[in-house]
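A.B. asks:
Residue numbers (UniProt numbering), protein chains in the order written: chain A, 1 to 598; chain B, 1 to 598.
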């Protein structure tokens, strides 16, 4: 279907086979050069570029960058020496016989041409300008490629799921507010003044209802909404590839998910090996100081708690001491190590203790002098460091120290420049705790009124060995849940779900959600469980993150057609915006039931 | 991937090839019969049914309808004479060796069994009960089939679009309120107190921006939102298969859309012929009294304005007189014709004039005596009626009269029982007016401040012959737009869009949308048009309606997993619902900028 009202061919169709034919093309003026009274225009459309030669000065005069034109002309071989080997159409050109200007373009706020040599990201304007003129930013080849790649990803995932017998089901986005660990976006109901819909943080409860409904394999590329404070790379709305299966256990979901990811990565030209490795949550924290370890490189954290158990150094007389090696860093200038102190303090730590093993074998650095001779002596062996390396230490509370060392480990790898964007290290993280206590800096919201909150969500099945006792010892209970991690990013997670109302009641009890509140918030799910709920389990992938990793982009903004800027605003459309008094009146948010009674 | 933690096979896999094998199955107890101390259980899963024989009374005793069980047993041939030819597994049965009850079921509010003979819709409980226990309703075979069919439809559409070079792009649902003819649902922005997002009535402006962005072929199964008063079969959120193409005209879009529909209908087993017929808006009104004519049958409206131009009958001395024939209805009892009067009055008409051509050739009915001899004489020929037929008349304003006759035409066909659900009559309706005046009973909202509003939307291109003059004669200007109609339902519509800001400005002018307001509401689109917008056109299908037609369901509720009841409420979850004071405070709807200043 290349031929349409405005063209006989796409730009990229114009190859040597068409030499001698007259073609009509449509697209944008990507670049124009003038040489000896002749104009050379690179015509760009969605397929690519082709060179148009315009001998008629009249015809060429008005053409500017990003004008939309329709060109009819004869395809001919380019003169020898004028070939462009970078282009699929680089051996031919179209000699214009007729040019219609379909639309003009004002002067551009930034360059979008695809044919500029030496194009580099550094030429890009600020994010806000890119977002304000998103329609221009999306014309850039990298962004165009990202959108095409995302479309191919979704196609690959759907094909894999279809082949595994999944049914795509669309679930509603006007739902009831449910406790899932973040704030809901809310929509007032005009027809039910004083009442509100919530937008789903995920289709979690709905997909569980589908399992109770006898849809045994469900999937959906689902829009999800979380009203969180903006930080890092979050969007108020995002996409999840959501899947759920009945009559399965954890292994079934893992095998299914690996197949999907393999096919999705293949759609972008990458072959990945499955099955993926697995690591327990505890090992991930111990070795990598993260529940989403980047396994593109080793450099594991070494625990030294035992090693320093009799240390004279007060700082290391702690619940936990650990270390991470910074290879070949011993001779870095002092100000770099000072910089690491700032880096650590930004993460809430007091600093980052370190030693340096000089290339001469001498131990230096501020910590060195505080250690005992024996400690100094054995430190190289204990940490695995070599002469010429530096070693960072963290001491104190176990989790906080490990997290700091984990972050240092990744930061070291970044500075070493060893993190390749086209190398993908997947791992399952398994054996998560069922509950946790809410942390101060956590964006999550307590779902109940106890000190315990769910690590995943309140519908996660306790692991078999904890089924009887999870409510007696919530601090140690484990769950049947699993995260999938790629290159240090959690790209998905899931769990076996509770399908029995008795177990669900006990979990809600631990979370401090009373019977009344439970009934009010998700009584419908507990009710559904009374009518024959199958065992079920599922997983969801963060689709924007998967796309950004696959595209080699740091930000998910670069794989979303129209993302929001920080603060949830859209520099392009001006959303969100004030509404009129009439609109406000209609929403019903000012509805007063007492007034209505009069 | 049949084998999972809970089964070796699906129910439907159990055929004669497995005789002698031990299988493990999981599913629901569809029905249980007891006969001579032996229990026969139909085990149901997503694939189908298989009979399980339980010889052990202990094992059988607890089993009730809709219990979830895991059965291990030996597959054997059924005893001769016990085969069930209705089942794929009807020649075999599984002799249970072990049964685990995975979940129990309380007594059911209504029967869901798939194996009941004589199941009929009349056994269904009320819509509210069906919706409250949606997870049970969805277990019924018809509903299960509907969801599977819808999934297959989406797959077929995506495949067709992919083959035609379309890119799937997800567009945001947090957008700026734009004028599209209905009320927006609004979402307060906590991070921008006093400001609101709107949920899209369609991705119209966003897909136009994608065209400006160089994505030349876009599609999306898009969730859309319209805050309309509930009537008939509407849902506050619905799904649209949304498509847009650059460098195309009307014919390109029509050819593309026909290909998609052909493949979608094929996915449900129906072969439809393309290209579809076309009818102009004017002809559709004249012949069928509707802009969405049901062409499964003929029985066209006959215009009699000219015929009655000198009539002595005051009622027929009108701008328009038309008639529709009711075949073989001459001898229906009087009370049926009285019923038609009520029917007409419910539609806002004064009544429905009629005559009867007796089988004896005599003209009867209340209108007959008011006509001149000549009018009586020629009436059979003029209307095309036969002896034994009745004829309904409408006289008065043209459009209202035609609409009444069009509705009568369809109602007649319904009473005649000639409308088959598995017969599909498609037609394009083309040559629509560009503008209309808003009607009192119209749910649409005026987008501007003039008497004119858009028939499609403000971004619709005037047809070529009206490009210069549409704003001088808005009442007669035509547009490049097209609706696709199937069996009397508008299942889709689209248009060539305006891609030039000068034309868009003039259209907004007719609509009474001032420069300031235009800039405020969709200045971003007008801005985008300044930077090289390609000619573009598109279409969207109402996906829920397509599914309901294809499933043979009258209501779109039966092809939506979790639809809302009337009034936008969900009897299952209780949405929408009041929110807590804390939630309300967080939404920012009570934000007072003055207070903030203090």
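Positions of the beta carbon are idealized from the N, C-alpha and C atoms, including for glycine.
Source: prediction; values computed, not measured.
So which residues of chain B does residue 516 (chain A) contact, with C-beta pairs closer than 8 Å?
C.D. replies: Within the first chain, residue 516 (chain A) is the residue found at index 516, counting from 1. Those do not exist, as residue 516 (chain A) stays about 14 Å from chain B at its closest Cβ, beyond 8 Å.
A.B. asks: Out of B:241, B:142, B:376, B:183, which has the shortest C-alpha to C-alpha gap to residue 311 (chain B)?
C.D. replies: In the second chain, counting from the first residue as 1, residue 311 (chain B) sits at position 311. Cα-wise, what sits closest to residue 311 (chain B) is B:376.
A.B. asks: Under 7 Å Cβ to Cβ from residue 559 (chain B), same chain only, skipping five residues before and after it: list those, please.
C.D. replies: The residue given as residue 559 (chain B) occupies position 559 in the second chain. Once the five neighbours on either side are set aside, the close Cβ partners of residue 559 (chain B) are 146, 150, 544, 547, 548, 551, 553.
A.B. asks: Kindly list, in the order they appear in chain A, the residues whose Cβ is closer than 7 Å to that of residue 600 (chain B).
C.D. replies: Residue 600 (chain B) lies beyond the range of chain B shown here (1 to 598); nothing can be said about it.
A.B. asks: Round the Cβ separation of residue 350 (chain B) and residue 489 (chain B) to the nearest angstrom and send it over; I've been treating them as touching at under 8 Å.
C.D. replies: The count along the second chain starts at 1 and reaches residue 350 (chain B) at position 350. The count along the second chain starts at 1 and reaches residue 489 (chain B) at position 489. 28 Å between Cβ atoms; not a contact.
A.B. asks: If the cut is a Cβ gap below 7 Å, which residues of chain B does residue 168 (chain A) touch?
C.D. replies: Locating residue 168 (chain A) in the first chain gives position 168, counting from the first residue. 151, 154, listed in chain order.
A.B. asks: Answer with buried or exposed for residue 499 (chain B), where buried requires no fewer than 16 other C-beta atoms within 10 angstroms of its C-beta.
C.D. replies: Position 499 of the second chain, counted from the first residue, corresponds to residue 499 (chain B). Flag for residue 499 (chain B) reads buried.
A.B. asks: Bridge partners for residue 391 (chain B) per DSSP, in chain order?
C.D. replies: Indexing the second chain from 1 puts residue 391 (chain B) at position 391. Its beta-bridge partners are B:325, B:355.
A.B. asks: Mind checking the UniProt region "Disordered" (565 to 598) of chain B against chain A and listing, in chain order, the residues whose C-beta falls within less than 8 Å of any C-beta there?
C.D. replies: Listed in sequence order: 567, 568, 569, 570, 572, 573, 574, 575, 576, 577, 578, 579, 583, 586, 587, 589.
A.B. asks: Check whether chain B comes within 8 Å of residue 215 (chain A), counting only Cβ atoms and requiring the distance to be less than that.
C.D. replies: Position 215 of the first chain, counting from 1, holds the residue named residue 215 (chain A). By this cut-off, residue 215 (chain A) is an interface position.
A.B. asks: Quick one: grab the DSSP three-state call for residue 53 (chain A).
C.D. replies: Within the first chain, the letter at position 53 stands for residue 53 (chain A). Strand at residue 53 (chain A).
A.B. asks: Under 8 Å between the Cβ atoms of residue 55 (chain B) and residue 29 (chain B)?
C.D. replies: In the second chain, residue 55 (chain B) corresponds to position 55, counting from 1. In the second chain, residue 29 (chain B) corresponds to position 29, counting from 1. No, they are not a contact pair.
A.B. asks: Which one or two residues does DSSP pair with residue 239 (chain B) in a beta bridge?
C.D. replies: The residue labelled residue 239 (chain B) in the question sits at position 239 within the second chain. Per DSSP, B:223.
A.B. asks: Along chain B, which residues have their Cβ under 7 Å away from the Cβ of residue 66 (chain A)?
C.D. replies: Locating residue 66 (chain A) in the first chain gives position 66, counting from the first residue. Those are 531, 532, listed as they occur along chain B.
A.B. asks: Can you say whether residue 82 (chain A) is buried or exposed, counting buried as having 16 or more other CB atoms within 10 angstroms of its CB?
C.D. replies: Taking the first chain and counting its residues from 1, the one referred to as residue 82 (chain A) is at position 82. By the 10 Å Cβ count, residue 82 (chain A) comes out exposed.
A.B. asks: Counting only beta-carbon separations shorter than 8 Å, does residue 189 (chain A) have a partner in chain B?
C.D. replies: Taking the first chain and counting its residues from 1, the one referred to as residue 189 (chain A) is at position 189. Cβ-Cβ to chain B under 8 Å: yes for residue 189 (chain A).
A.B. asks: Along the beta strand (DSSP E) that carries residue 483 (chain B), what are the first and last residues, could you check?
C.D. replies: As a working mapping, residue 483 (chain B) is identified with position 483 in the second chain. Start and end: 481 to 486.
A.B. asks: DSSP on residue 30 (chain B), reduced to helix/strand/coil?
C.D. replies: Counting from one through the second chain, the residue named residue 30 (chain B) turns up at place 30. Strand.
A.B. asks: So that I know if they touch, is there some Cβ in chain B lying closer than 8 Å to that of residue 223 (chain A)?
C.D. replies: On the first chain, residue 223 (chain A) is found 223 positions in, with the first residue counted as 1. Taking Cβ atoms only, chain B reaches closer than 8 Å to residue 223 (chain A), which makes this a yes.
A.B. asks: What is the C-beta distance between residue 571 (chain B) and residue 131 (chain B), in whole angstroms, given that I count them as a contact (C-beta under 8 Å)?
C.D. replies: Residue numbering aside, residue 571 (chain B) sits at position 571 when the second chain is read from its first letter. Residue numbering aside, residue 131 (chain B) sits at position 131 when the second chain is read from its first letter. Contact flag correct, Cβ pair sits at about 4 Å.
A.B. asks: Measure the Cβ-Cβ separation of residue 169 (chain A) and residue 205 (chain A) and say whether it is below 8 Å.
C.D. replies: As a first step, residue 169 (chain A) must be located in the first chain, where it is residue number 169. As a first step, residue 205 (chain A) must be located in the first chain, where it is residue number 205. Taking 8 Å as the Cβ cut-off, residue 169 (chain A) and residue 205 (chain A) do not qualify as a contacting pair.
A.B. asks: Taking contact to mean at least 3 C-beta pairs separated by less than 8 Å, is the region 528 to 543 of chain A in contact with the region 86 to 106 of chain A?
C.D. replies: No, because fewer than three Cβ pairs between the region 528 to 543 of chain A and the region 86 to 106 of chain A fall closer than 8 Å, the two stretches do not touch.
A.B. asks: Just reading off the alpha helix (DSSP H) that residue 274 (chain A) is part of, what are its end residues?
C.D. replies: The sequence position of residue 274 (chain A) within the first chain is 274, counting from 1. From DSSP, residue 274 (chain A) is part of no alpha helix (DSSP H); its letter is neither H nor E.
A.B. asks: List the endpoints of the continuous beta strand (DSSP E) containing residue 101 (chain B).
C.D. replies: Here residue 101 (chain B) corresponds to residue number 101 of the second chain, with the count starting at 1. 92 to 103 is the span of the beta strand (DSSP E), which, as asked, contains residue 101 (chain B).
A.B. asks: Can you round the beta-carbon distance between residue 486 (chain A) and residue 425 (chain A) to whole angstroms, since I take them to be within the 8 Å contact cut?
C.D. replies: Numbered from 1 along the first chain, position 486 holds the residue referred to as residue 486 (chain A). Numbered from 1 along the first chain, position 425 holds the residue referred to as residue 425 (chain A). Contact flag correct, Cβ pair sits at about 7 Å.
A.B. asks: Does the beta carbon of residue 121 (chain A) sit closer than 8 Å to a beta carbon anywhere in chain B?
C.D. replies: By one-based count along the first chain, residue 121 (chain A) stands at place 121. Because residue 121 (chain A) sits at a pLDDT of 49, beneath the cut-off of 50, its placement in the model cannot be relied upon, and the point is left open.
A.B. asks: Taking only beta carbons into account, state which residues of the region 318 to 332 of chain A come closer than 9 Å to chain B, listed in chain order.
C.D. replies: Result list empty, no residue passes.
A.B. asks: Give the residues from the region 447 to 471 of chain B that approach chain A closer than 7 Å (Cβ to any Cβ), ordered along the chain.
C.D. replies: Hits within the stretch: zero.
A.B. asks: Tell me which residue opens and which closes the beta strand (DSSP E) that residue 489 (chain B) is part of.
C.D. replies: Within the second chain, the letter at position 489 stands for residue 489 (chain B). First-last of the beta strand (DSSP E) with residue 489 (chain B): 489 to 496.
A.B. asks: Determine, using beta carbons only, whether residue 28 (chain B) comes closer than 8 Å to chain E.
C.D. replies: Here the protein chains are A and B, and chain E is not one of them.
A.B. asks: Closer than 7 Å, Cβ to any Cβ of chain A: which residues of the region 231 to 248 of chain B, in chain order?
C.D. replies: Here the close residues are 236, 237, 239, 247, 248.
A.B. asks: Could you tell me the boundaries of the alpha helix (DSSP H) in which residue 45 (chain A) lies?
C.D. replies: As a working note, residue 45 (chain A) is residue 45 in the first chain. Residue 45 (chain A) -> not in any alpha helix (DSSP H); beta strand (DSSP E) instead, spanning 38 to 45.
A.B. asks: I want to verify the contact list: residues of chain B whose CB lies under 8 Å from the CB of residue 162 (chain A), in sequence order.
C.D. replies: Residue mapping note: residue 162 (chain A) aligns to position 162 of the first chain, counting from 1. Result: 155.
A.B. asks: Does the count of Cβ pairs from the region 254 to 272 of chain A and the region 346 to 363 of chain A closer than 8 Å reach three?
C.D. replies: Verdict: no, contact absent.
A.B. asks: Is it the case that the Cβ atoms of residue 199 (chain B) and residue 173 (chain B) are separated by a distance below 8 Å?
C.D. replies: Stepping through the second chain from its first residue, residue 199 (chain B) is reached at position 199. Stepping through the second chain from its first residue, residue 173 (chain B) is reached at position 173. Yes, the Cβ-Cβ distance between residue 199 (chain B) and residue 173 (chain B) is below 8 Å.
A.B. asks: So which residues on chain A does residue 428 (chain B) lean against when the C-beta distance must stay under 7 Å?
C.D. replies: For the purposes of this step, residue 428 (chain B) is taken as residue 428 along the second chain, with counting starting at 1. Going along chain A, no residue has its Cβ under 7 Å from residue 428 (chain B), so there is no contact; the nearest lies around 17 Å.
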